[in-house]
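Data first, discussion second: the structure below is written as structure tokens.
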Amino acid sequence: MSSYSNPRESVFNQPKPVVNLPSDLLDAVTKNVEPYPIPEGRRYEYGTAGFRMKANAGLDHVIYTVGLIAAARSKKRNATIGIMITASHNPAEDNGVKLVDPMGDMLEQSWESYATTLANTPNDKLAKAYENLVNETLVDEIRQLHERPAKVVFARDTRASGPYLVTALKAALDAVKVEYTDYGLLTTPQLHYIVRCINTLNSPYAFGEPTEQGYYEKMAKAFKTLMYGRSIHGSVTVDCANGVGGPKLKEFIKYLPSGKEGGIDIKIINDDVVRPESLNMDCGADYVKTKQRAPPSSNVGPGDRCCSLDGDADRIVYYYTDDSKTFHLLDGDRIATLGAVFLADMTRVAGIDSKLKIGIVQTAYANGAATEYVEKVLKLPVAVTPTGVKHLHHAAARYDIGVYFEANGHGTVLFSDNAIKVIKESEPKSPGQKHALDSLRACIDLINQAVGDAISDMLFAEVVLAHKSWTLENWRNTYIDLPNRLVRVEVRDRSIFKTTDAERKLESPKGAQDEIDKFCQMYVKGRAFARASGTEDAVRVYAEAHSKTEAEKLAGQVAEVVRKYGAN
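If you use UniProt numbering, the sequence shown corresponds to residues 1 to 568, in order.
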């Protein structure tokens with residue numbers, strides 16, 4: 001008969017090993033954070049874009065804590081972690097910070113709460129909170145903890161507050177003995193690229209040379225391959241939002257062939273980084289998208305090709321004015337369909353379309369005409385996800401070639417390991433197949449798969465337009481957008497508005513969705529949805545229909561439904 005053993009003494013019930021960090025390290029955490037106290041009454045939260053706020057609202061304290069998170073994350077993944085100091089399309093007086101995971105992707109969602117907790121910890125409790133973080137997240141790695149150095153790389157955009165915030169970051173990294181490299185000024189996608197390159201160096205998945213020059217050389221080589229035998233008609237005017245994209249695009253042009261050499265002529269406007277306060281001022285992708293007009297400084301003629309980047313060059317929109325001076329926007333939905341047309345064509349010509357599944361990922365905000373065009377004309381599947389890049393990115397990764405863009409112009413194309421293998425190993429049976437396979441191989445290098453990249457996306461769009469011999473008007477005429485309207489409705493408590501079906505349906509308040517459905521059925525191609533704002537007590541209503549009048553009527557009716565239920 002076996003002896004009785006107390007289940008309470010089971011190995012599963014043993015307390016986790018506790019690591020006490022060296023006292024000199026904890027003392028350094030406390031000492032180095034002294035100049036960066038947490039302002040009273042402030043509450044910080046790590047969201048999709050990391051932390052973002054007025055630069056003088058305690059961001060130095062927050063960035064110090066992000067340095068500590070990066071150290072723990074690096075040890076956890078045994079890899080280099082990135083930190084980008086930017087506030088993208090926000091005004092010049094704002095700034096922010098976000099972490100970049102080893103493959104150049106966004107911070108793993110489960111770690112966002114750790115970042116939030118540490119950011120809200122006062123100085124005198126920070127060392128203990130860091131020790132707790134190490135014990136909670138690194139329990140499996142504790143034995144190797146001391147031998148494994150943490151490695152971090154970081155960069156910033158052109159905001160005036162950047163250098164001071166870097167000082168706070170370095171103070172944290174020094175306190176916990178991190179090996180770090182300061183890359184100075186970079187676009188956000190360049191930092192994501194460098195992080196992925198460092199972590200894949202000398203592996204079968206090597207992404208490239210982990211330097212700014214390596215970024216330019218890899219993409220320029222791919223661009224030249226794709227442009228072989230093609231020509232781009234006229235120049236493209238690029239509005240750089242008076243941000244970091246200006247000097248970086250200027251540098252990139254040195255690596256690109258000019259129009260005469262079979263390449264591209266790029267005219268840069270809004271590249272004033274000498275006056276930081278001009279950042280995103282009456283220019284940039286967000287200005288163009290929300291105001292539905294070209295920046296006042298653009299001075300371009302009818303039909304001229306124009307595009308705008310945002311402040312850290314991870315978003316892009318195209319636009320032009322026609323002969324009657326009417327403004328036409330080609331946003332992220334359009335860029336996604338343009339890319340999908342080309343990739344579907346190339347896989348078909350290469351004879352590998354039966355081996356690869358191509359799909360487009362959209363949010364509920366994608367115009368119904370774009371969805372119909374993809375499904376009925378391109379005959380490609382469309383996946384719809386909730387708003388937010390991380391949702392789109394994950395859904396795109398389920399395809400062999402996944403194209404995702406938010407309407408605001410942030411997006412990219414992901415190639416699966418299987419797609420890369422098929423494209424690289426397929427043997428051409430004709431000159432046409434060889435050209436298509438060479439083009440697809442170059443696309444893998446031209447497109448920054450780590451993250452949405454405005455400069456890379458622009459070059460890819462220019463390649464497709466050259467291959468198709470399309471003007472922006474030809475591109476726009478692939479489908480005609482349904483008229484649509486966005487309305488913001490203030491409510492007492494936004495939390496009662498809960499959505500399902502990728503934010504396209506309201507599951508609460510009960511009865512609201514039935515009323516919305518009835519109104520939608522009254523109009524030709526009527527579609528509408530309501531979703532709570534992520535930042536304020538308001539609900540955003542989107543409506544589209546066959547005519548502008550009907551879209552506006554539908555938006556008004558759905559807004560009334562929201563007001564009625566929101567007032568209860």
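Virtual Cβ for every residue (Gly too), placed ideally from N, Cα, C. Just so you know, these numbers come straight off a predicted model, no measurement behind them.
Asked	Found
Reference Y373; option with closest CA among P296, D272, R476	R476
Cβ separation of T167 and D312, assumed to be a contact under 8 Å, to the nearest whole Å	Not quite, the Cβ-Cβ distance comes to about 20 Å (not below 8 Å), so this is no contact.
Per DSSP, cross-strand counterpart(s) of S508	K498
Exposed unless 16 or more other CB atoms sit within 10 angstroms - verdict on H233	exposed
Range of the contiguous alpha helix (DSSP H) that encloses C197	188 to 200
Helix, strand or coil at E550 [DSSP, three-state]	helix
For S308, the three-state DSSP class (helix, strand or coil)	strand
Nearest neighbour of C197, chosen from H89, A79, A70 [CA to CA]	A79
G214 to F207 span [Cα, whole Å]	10 Å
Alpha carbon of L68 to alpha carbon of I81, nearest angstrom	11 Å
Residue environment, K421, which counts as buried when at least 16 other CB atoms sit within 10 Å	exposed
Nearest-angstrom Cα separation, counted from F519 out to R398	35 Å
Buried versus exposed call for Y542 [16 or more other C-beta atoms within 10 Å across all chains shown]	buried
Best match in A92, K434, I496, N408 for proximity to A350 [C-alpha to C-alpha]	K434
Proximity below 9 Å, CB of D239 to CB of N270	yes
Residues near V18 in its chain [Cβ-Cβ closer than 8 Å; skip 5 each side]	N135
Cα-Cα separation between Q449 and C307, rounded to whole angstroms	21 Å
Local conformation of Y318 per DSSP, three classes	strand
Check whether A532 and K498 have beta carbons under 9 Å apart	yes
E209 - DSSP class collapsed to helix/strand/coil	coil
Test item: CB-CB of Y180 and V153 under 9 Å	yes
Pick from S231, Y565, F460, P39 that is closest to V120, judged by C-alpha positions	One point to set straight first is that residue 120 is Asn, not Val, in the sequence displayed. Answer by Cα proximity: P39.
Opening and closing residue of the alpha helix (DSSP H) in which T162 lies	Thr is not the amino acid found at residue 162; the sequence shown has Gly there. Per DSSP, G162 belongs to the alpha helix (DSSP H) from 162 to 175.
Cβ contact check for the region 286 to 299 and the region 254 to 267: 3 or more pairs under 8 Å	no
Secondary structure of G214, DSSP reduced to three states	helix
As assigned by DSSP and simplified to three states, the class of G96	strand
Y255 versus L465 - alpha carbon distance	21 Å
C-alpha distance - D94 paired with E425, whole-angstrom precision	48 Å
Supposed contact pair L226 and A442 - C-beta distance, whole angstroms, cut 8 Å	5 Å
The beta strand (DSSP E) enclosing N242, as first and last residue numbers	That residue, N242, is in no beta strand (DSSP E); it is neither H nor E in DSSP.
Spatial distance of Y205 from L330 (CA atoms)	34 Å
D105 classed as buried or exposed, judged by whether at least 16 other C-beta atoms fall within 10 angstroms	buried
Own chain, CB closer than 6 Å to L169, minus 5 neighbours either side, in chain order	I63, G67
Closest residue to G411 among L392, L118, E131 (Cα-Cα distance)	L392
Exposure of M84, with buried meaning 16 or more beta-carbon neighbours within 10 Å	buried
Nearest-angstrom Cα separation, counted from L486 out to H394	27 Å
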